[in-house]
Structures are given as structure tokens and as C-alpha cells.
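There are 2 protein chains.
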Amino acid sequence: MAERVPSTPSVTPDVDLGESPVAAVAPTAGDHGRPRRSEATRAAILAAAKDRFAADGYERATIRAIARDAGIDPSMVMRYYGNKEGLFAAASEIDLHAPDLTGVPHDELGARLVRHFLERWECDETLTAMMRVGVTNEAGAERMRGVFAGQIGPVLAAVCPVPDQAATRAALIASQVLGMALCRYVLHIPPAVGLDHDEVVAWLAPTIQRYLTAEHP
Amino acid sequence: MAERVPSTPSVTPDVDLGESPVAAVAPTAGDHGRPRRSEATRAAILAAAKDRFAADGYERATIRAIARDAGIDPSMVMRYYGNKEGLFAAASEIDLHAPDLTGVPHDELGARLVRHFLERWECDETLTAMMRVGVTNEAGAERMRGVFAGQIGPVLAAVCPVPDQAATRAALIASQVLGMALCRYVLHIPPAVGLDHDEVVAWLAPTIQRYLTAEHP
DNA sequence: CTGGCATGTCAACACGCGTTGGCCTACAGT
DNA sequence: ACTGTAGGCCAACGCGTGTTGACATGCCAG
Chain P
1 MAERVPSTPS
11 VTPDVDLGES
21 PVAAVAPTAG
31 DHGRPRRSEA
41 TRAAILAAAK
51 DRFAADGYER
61 ATIRAIARDA
71 GIDPSMVMRY
81 YGNKEGLFAA
91 ASEIDLHAPD
101 LTGVPHDELG
111 ARLVRHFLER
121 WECDETLTAM
131 MRVGVTNEAG
141 AERMRGVFAG
151 QIGPVLAAVC
161 PVPDQAATRA
171 ALIASQVLGM
181 ALCRYVLHIP
191 PAVGLDHDEV
201 VAWLAPTIQR
211 YLTAEHP
Chain E
1 MAERVPSTPS
11 VTPDVDLGES
21 PVAAVAPTAG
31 DHGRPRRSEA
41 TRAAILAAAK
51 DRFAADGYER
61 ATIRAIARDA
71 GIDPSMVMRY
81 YGNKEGLFAA
91 ASEIDLHAPD
101 LTGVPHDELG
111 ARLVRHFLER
121 WECDETLTAM
131 MRVGVTNEAG
141 AERMRGVFAG
151 QIGPVLAAVC
161 PVPDQAATRA
171 ALIASQVLGM
181 ALCRYVLHIP
191 PAVGLDHDEV
201 VAWLAPTIQR
211 YLTAEHP
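First to last, the protein sequences are chains P and E. Per the UniProt record's numbering, the first sequence starts with residue 1, numbered consecutively. Per the UniProt record's numbering, the second sequence starts with residue 1, numbered consecutively.
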């Protein structure tokens, strides 16, 4: 129970949990171009995991349910992703595709940002999953802070006219964007769900614009 | 196993789950002013439940842990609150104390609202609990929609200069307020945590003000 | 053809959960 | 003093969980 030397020589639980959170793309066609058959399974597991985490949150998204969705045995999940935490780490890999805003007219920044995140949020369920898990699970919260610091912060800092307040202003923008996502996609508050894209942009863009470019109030 | 007629004549599981979600104040000193001894226990359970739900969310807040915190046996929780759902219903009883805003100068509405909710959010953990649970649990989400429709909506509708848009505008305000709460109290995004009350008010008040009173953009 | 390894299934494990019913204790009414 | 009952504890139940290791299968190199 103390040590965990892989005694079975055949099975290699090829998960690199802990270091390099890029993870889970790991042991594919590294050598001679022939992709391993397991790639399809890995992908199926990952897709099912994203769905379940998004729909149920961390605790209620059981490995058994994910495996059932993926059409394989629960032990496969363990083999490929080590444990539930590792699976979540892989499933919550996020690329916001935050656009390069340098060159965008300053008075269009707000609208561009709102529209981008609206589309990004609706194109797959990963962001909903991240939010559902981030609220209950410390690892999920850490991941969200990481996305904020690594992907939102820098992009906004590049165009913020008050560079030393960039972090604060990014947090304000995050609060409005995440708040709208929470009301629309998670809590399903009716009037928030009822708005169409253009209306959301029309309402939120001036707010984002002000948080980004206004003088400190 | 099929029917559940209380066979033991002594124990009366006095929980009114289902009807009148005011609940859990139930069987106190109804008769001659002599409070039952159990009131202290009920209160201890409720306090512990609020803490645990706030800290851990619905699934990870176990009845056993709540009972341990309250210094009593898990079966007591069942006796007083029926089941876990009933306990949560009682623990998430919420009164926003939404202030009457009629009479407040129109250009101060934003600041008043922001400051009120900031203080309300920090005075106890019930709101954090509601948010943590509302994100993962449908009953929790329903409760949040109820608070929105029953406590936030009406107060704002009373002062909204565009009455037929009051619901939409209330949702926008909720999105900003809940978003800031999410970033500060749940996700602990550093720049959001670092703001003091006055700074939050200074940044958010104009947003709220605009959502409430501006013309439709 | 044969051996080895990747892929996948099956059955079981230990554990913690919500929940239950029986039992003990102390106190209030008579 | 006796008794009923409210308040509380205890041990157990059935279940679903994450996780494990032994076993089956099929593919590819030699």
C-alpha cells in the first residue's frame, strides 16, 4: 500500500499526472506514423468525460457513467488517465483562443470580447464543465485561476491603456463575463437565457469597454 | 419495504418537507412558552449544515460530517429534517433583506445596491452555500431562481424606469453581482479578492446603474 | 507458426454514503 | 413512585463509488 511499483510488466499506465498539465495527448504515434488503435478509445473517454463533468460537476460525474457513455469498461479510464483527478485534468484542458486584440480599434474592444466569449462558450461544453467543477472542487478552481492568469490576463494587458491596473481590470471583466455565463448556462435564469447574442453584446460591451479603458473611478 | 407507516409510536419525524418551504422552525414552543430542549440541537445542525454546504457543496457535504460538527448523531439529522434534501432546503433559507429603494435618489441606486450585496454576502456563508450548491444541484439552482424572481426582481421593478424591461435588467444586474461574488468568494481570483469594498463599489456601481436606468442600447 | 504486447473485460475489494430501527436515558405529568 | 414520551446514541442495512488485478482476445514481429 505504501509503494506503487508497477508490478505487472505488461500494463503501462501511461499518464503523466502532476508534471506538464498539457497531458493526455501522450503516447500516440510517436514512432513510425502508425497511430495506436487506442486513440479512438482515449478520445471517446475524453469526450464522454467532458459531457459528464459539464452536466453533473465533479462528484456526480462518476467514472462508471463516463465509461458507459464511452462504451468501454471503467478500468480503461484508470489505465489511460490514472485516476479520476487525472481524467478531469485532461478533460478540462482549455484553450480560450483568446484573440489578438492589438490593432483592433479601441472603441470596439468591448464588443469584440463579449462576442468572442459568447461564441466560445456555446461551441462546446468544456467551459461549462470548468465552471461547474471550479465552484466545488479546489483543483477546478485552480485551473480557472490558471486560465485567467495565463490566457485572459496577458491578452487584456496587451491592450489595456493602464498597464499597471491590467490585472484588476481583467478580473472585473472576468466577473461580468463569468457572471453572465453563470446566469445563462448554469443557473438558467429565464431573462438571461432569453437574450439573443446581439442583445447580450449590446448590454455587456459598454461594461467591458469601461472596465478595460476607463480611468480609475 | 413498500409502505412507510411510522411503526414506532414514540418518534415523530416532525418535518414538513414539501409543503411550505419555510420549514424547520416547526415544532418549537407552540404551547406554553416552554421551548423544547431539542431547539438547541436543531440550531446546531442547521449552523453546521450551512457551513458545510458553503464550504463543500451539496455532494461533499455529508450528513455524517455535519452531524460531527454539530456534536450529535447522524440519525438526529434525519429525525429533524427528514433527509439530506430537507436539510438543504432548511439550510438554504435565504432572506436577502433587499432594501426598499423607492425614495433613493436615482443616481445613487447603483452604489446602494452594490454595497448592500457586498455586505450581505460577507455577513454569513449562506449565499456562498447557495451558489456552490446551485451550480451543481438542480434543487439549488431552482432555489436561486426563486430568490431572483421573488426578492431581486420585485425590488428592482419598483424603481426601474422601464418597467416592461425590469426582468431583463434585473438579470443583467444579477449577472454582474453574482459574477463578482463568484470571482471573489468562490474562485478566489487574486485581483478580485484584493479589491476593498469602496473599490468594488466604485467599479461596479456605474454598471449596475446603467443596467437599471439606461435606455435600451 | 509462435510469442509478446497492446487492448479490453470481469469480478471483486474496501470504503463511505444516506438511511433505518431498536435501545437507552432522563425528565414531566399524574 | 410510576409511567409515557421526547431526546439521543448505536449498530447495521444496502448501495454506489474509485480502484485493482487476474484473465481473455487479437494483432504484429520474428
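Where a beta carbon is used, it is the ideal one built from N, C-alpha and C, also for glycine. All values derive from a computational prediction rather than experimental measurement.
Classify residue 56(E): buried if its beta carbon has 16 or more other beta carbons within 10 angstroms, exposed otherwise.
buried
Mind the definition here: the region 91-109 of chain E touches the region 151-161 of chain E only if three or more C-beta pairs lie below 8 Å; say whether that holds.
yes
How many Å lie between residue 192(E) and residue 146(P) at the Cα?
14 Å
Beta carbon of residue 185(E) nearer than 8 Å to that of residue 121(E)
yes
Under 8 Å, do residue 58(E) and residue 136(E) count as touching if we go by C-beta distance?
yes
For a contact meaning CB atoms closer than 8 Å, what does residue 145(P) contact in chain E?
187, 188, 189, 190
Mark residue 92(E) as exposed unless 16 or more other C-beta atoms lie within 10 angstroms of its C-beta, in which case mark it buried.
buried
Roughly how many angstroms separate the alpha carbons of residue 143(E) and residue 94(E), rounded to a whole number?
9 Å
Between which residues of its own chain and residue 176(P) is the CB-CB distance below 8 Å, once the five residues before and five after are set aside?
204, 207, 208, 211
Under a Cβ-count criterion, where at least 16 other Cβ atoms within 10 Å of its own Cβ denotes burial, should residue 162(E) be classed as buried or exposed?
exposed
On the premise that residue 129(P) lies in contact with residue 54(P), defined as a C-beta separation below 8 Å, what is that separation, rounded to the nearest angstrom?
4 Å
When 168(E), 190(E), 178(E) are compared against residue 231(P), the one with the closest alpha-carbon
Because chain P in this structure spans residues 1 to 217, residue 231(P) falls outside the shown range and cannot be described.
Excluding sequence positions up to five away, which residues of its chain have a Cβ less than 8 Å from the Cβ of residue 216(P)?
162, 165
Any C-beta of chain P under 8 Å from that of residue 30(E):
With a pLDDT of 39 at residue 30(E), under the threshold of 50, the predicted position of this residue should be treated as unreliable, though the coordinate-derived value follows. Judged by the 8 Å Cβ criterion, residue 30(E) is not in contact with chain P.
Looking at C-alpha atoms only, which residue of 124(E), 50(E), 199(E) is the closest neighbour of residue 89(E)?
50(E)
Give the straight-line distance between the Cα atoms of residue 75(E) and residue 101(E), rounded to the nearest whole angstrom.
45 Å
Within-8 Å CB hit, residue 53(E) to chain P
no
Which of the residues in the region 90-111 of chain P, read from start to end, lie with their CB under 7 Å from any CB of chain E?
none
Ends of the alpha helix (DSSP H) at residue 104(E)?
From DSSP, residue 104(E) is part of no alpha helix (DSSP H); its letter is neither H nor E.
Let me confirm a value: residue 37(P) is counted as buried when at least 16 other C-beta atoms fall within 10 Å, else exposed. Which label applies?
exposed
CA nearest to the CA of residue 61(E), picked from 87(E), 41(E), 44(E), 105(E)
87(E)
Is there a Cβ of chain E sitting closer than 8 Å to that of residue 150(P), yes or no?
no
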